[in-house]
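Q: Position one of the sequence shown corresponds to residue 112 (the numbering used here), numbered consecutively onward. Yeah, the Cβ is synthetic: ideal placement off N, Cα and C, and Gly gets one too. Please read all numbers here as calculations on a predicted model, not as lab measurements.
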Amino acid sequence: MIVIEKSLLEKIEAEAEKSYPFECCGIIFGSIEKNEKLAHSIKSIVNNFGSGEEHHRFLITAEDMMRGELYARQNGLDIIGFYHSHPDHPAIPSDYDRDHALPVYSYLITSVKTGRADITASYVLSDNKFTAEEISAE
Ligand SMILES: [Zn+2]
112 MIVIEKSLLE KIEAEAEKSY PFECCGIIFG SIEKNEKLAH SIKSIVNNFG
162 SGEEHHRFLI TAEDMMRGEL YARQNGLDII GFYHSHPDHP AIPSDYDRDH
212 ALPVYSYLIT SVKTGRADIT ASYVLSDNKF TAEEISAE
């Protein structure tokens with residue numbers, strides 16, 4: 112389960128709407144306690160795909176990860192997951208998403224229908240398969 116404040120979830124959804132018709136993406140920072148991830152803050156990342164590709168795949172580079180790790184360390188946090196949007200597509204991970212995912216992290220996907228954020232769902236990779244993860248928004 113990932114516990115995320117409603118205001119933070121709304122921030123992700125607002126970013127997803129703002130990026131429409133392109134995908135947004137970013138890093139989720141927080142802490143892991145027992146089996147729960149507690150989201151604390153987010154940092155958006157410029158979509159690194161070239162034009163023509165940015166509407167259906169997101170990319171977080173090694174450099175983005177390094178900057179994210181530095182930010183996390185400076186703030187006493189961990190990287191607990193990533194978020195991105197699916198413009199006019201359901202909040203279901205693509206094969207591309209699965210191929211580029213790592214275990215443990217939460218992958219939040221916000222579907223955006225004609226410019227408005229619809230559903231946000233979270234997934235965790237295990238055995239090279241995504242399983243849905245519960246989001247607790249308070
Ligand atoms: Zn995706």
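Just to confirm my understanding: we take A202, look at its own chain, exclude 5 residues before and 5 after, and list those with CB closer than 7 angstroms. What are they?
A: I220, T221, S222, I230, T231 and A232
Q: Identify every run of the alpha helix (DSSP H) within the segment 172 to 201, keeping only runs that are complete inside it and at least 4 residues long; order them along the chain.
A: 173 to 185
Q: Assign Y234 to buried or exposed, taking buried as 16 or more other Cβ atoms, counted over all protein chains shown, within 10 Å of its Cβ.
A: buried
Q: Return the first residue and the last residue of the beta strand (DSSP E) that I153 is part of.
A: Run containing I153: E147 to I156, per the beta strand (DSSP E) assignment.
Q: Does ligand 1 have a heavy atom nearer than 7 angstroms to the CB of P204?
A: Checking the Cβ of P204 against ligand 1 gives yes.
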